[in-house]
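Enquirer: Dropping the structure in here first, questions after.
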Amino acid sequence: SDSGVFDPWGLVVAAEQTLVDKLKGYGAHLFGDLGGGNIAPSDVDTTGEDIAILCEHGVPCGGFLSINPENGAAPGEPEWQNHYFRFHHANSDRIEIIDKHQLRRSAASLAAWAYLIADQ
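Right, dumping it as structure tokens:
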């Protein structure tokens with residue numbers, strides 16, 4: 041995930057409202073203690089440069105978001121993105137820096153979302 045593999049928060053999704061609502065239901069009922077069950081609707085501009093062209097052509101798309109590891113801020117909170125360049129494209133962007141428990145939770149959450157979304 042471009043926002044890191046810290047404690048999982050969920051997905052920002054650019055799709056029809058019916059799909060967003062369905063994903064919100066899955067997140068609320070299936071993710072529990074794992075984390076990562078939040079869904080926030082998005083527009084094409086906030087999903088990321090890598091997939092924007094797909095979104096612009098009507099393909100449902102989104103991005104995986106994690107909680108700020110330094111202050112616990114969730115996406116949408118003012119202090120959430122402060123950590124981005126402390127890790128991304130920095131000397132601290134190394135595998136040994138990653139908390140293995142956060143990585144496992146993020147990987148499990150992202151895998152669960154991939155399975156649920158692929159089944160739509």
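If you want the numbering used here, it's the position in the sequence shown, counting the first as 1, plus 40. Note that the Cβ used here is the ideal one computed from N, Cα and C, for glycine as well.
(1) Starting from residue 153, trace the beta strand (DSSP E) both ways and give me its first and last residue.
(2) Taking the alpha-carbon positions, what's the residue 48 to residue 93 distance?
(3) Can you give, in chain order, each stretch of the beta strand (DSSP E) that sits fully within the region 43-84 and has at least 3 residues?
(4) Would you kindly report the start and end of the unbroken beta strand (DSSP E) that includes residue 132?
(5) So residue 63 and residue 53 are supposed to be a Cβ contact under 8 Å. How far apart are they, rounded?
(6) Can you have a look at residue 50 and say buried or exposed, based on whether 16 or more other CB atoms are within 10 angstroms of its CB?
(7) Examine chain C for any beta-carbon lying closer than 9 Å to the beta-carbon of residue 112, and answer yes or no.
(8) Are the beta-carbon atoms of residue 142 and residue 60 separated by less than 9 Å?
(9) Within 10 Å of its beta-carbon, does residue 105 have 16 or more other beta-carbons around it, so buried, or fewer, so exposed?
Expert: Answer, in terms of the structure:
(1) Where residue 153 is concerned, there is no enclosing beta strand (DSSP E), although the alpha helix (DSSP H) it sits in stretches over 140-158.
(2) Those two C-alpha atoms are separated by around 26 Å.
(3) Secondary structure remark: continuous beta strand (DSSP E) runs of at least 3 residues inside the region 43-84, in chain order: 48-54, 78-81.
(4) Unbroken run through residue 132: none, as it is neither H nor E.
(5) Yes, they are in contact, since the Cβ atoms of residue 63 and residue 53 sit about 6 Å apart, within 8 Å.
(6) Residue 50 should be labelled buried.
(7) Protein chain content of the structure displayed is limited to a single chain, and chain C is not contained in it.
(8) Cβ distance not < 9 Å, so residue 142 and residue 60 don't count as in contact.
(9) Residue 105 comes out buried.
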